[in-house]
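Below you'll find the structure, written out as structure tokens, and then a few comments.
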Amino acid sequence: MLVQSVRQHILQQHMVNAYPEPSDMTTEEKVAMKKREERKEKILNHKVAGEMYTNGNPRKWKELVLYKFNAVYREEMTLQQLLDYLKRNNITFNQSEKLVIYPIREFLLYIAKEVGKDLNV
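By our numbering, the letter at position 81 of the sequence shown is numbered 82, and the numbering carries on one by one without gaps.
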């Protein structure tokens with residue numbers, strides 16, 4: 002019992018949160034976080050022509066593409082590398098890769114528009 006509580010204490014001391022606890026945030030930080038979450042939901046709920054080329058829930062591949070958006074924006078990742086990343090994360094396609102690139106590209110362009118960045122893909 003004592004070992005478990007010590008372990009929990011150590012884990013809590015070394016845990017790094019991406020966001021502060023809501024009780025530790027100022028009102029401005031809470032509003033900014035809420036706006037960010039709303040923008041993320043708007044992006045993930047956006048319908049993309051050809052999203053049915055992927056099997057399963059479209060939200061899954063959209064979350065992965067959103068996660069890698071900055072790498073594509075900084076030209077650290079190509080569309081083909083992004084497609085390979087999706088495959089490594091168990092996203093399967095019911096069309097050829099040549100066709101699947103189009104909805105992914107369209108979604109990247111939509112993200113860029115929403116965040117106010119110019120993207121060349």
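For each residue, glycine too, the CB sits at the ideal point set by N, CA and C.
For clarity, every value in this text was computed on a predicted model and none was experimentally measured.
Residue i - DSSP class collapsed to helix/strand/coil
i             : result
threonine 28  : helix
asparagine 18 : Low per-residue confidence applies at asparagine 18: pLDDT is 48, beneath 50, and the placement is therefore not dependable enough to give any value.
asparagine 71 : helix
valine 101    : helix
alanine 113   : helix
aspartate 85  : helix
asparagine 46 : helix
glutamate 64  : helix
leucine 80    : helix
lysine 35     : helix
lysine 118    : coil
Beta-carbon separation (whole angstroms), residue i vs residue j, contact threshold 8 Å
i                : j                 : result
phenylalanine 70 : isoleucine 112    : 5 Å
phenylalanine 94 : tyrosine 54       : 6 Å
glycine 51       : leucine 100       : 7 Å
leucine 83       : valine 73         : 6 Å
arginine 106     : leucine 80        : 6 Å
valine 32        : phenylalanine 108 : That pair is no contact at about 27 Å.
lysine 61        : isoleucine 92     : 7 Å
Paired residues, beta bridge with residue i - DSSP
i            : result
threonine 55 : Phe94
Under 8 Å: do the region 29-45 and the region 81-100 share three or more Cβ pairs, one atom per stretch? no
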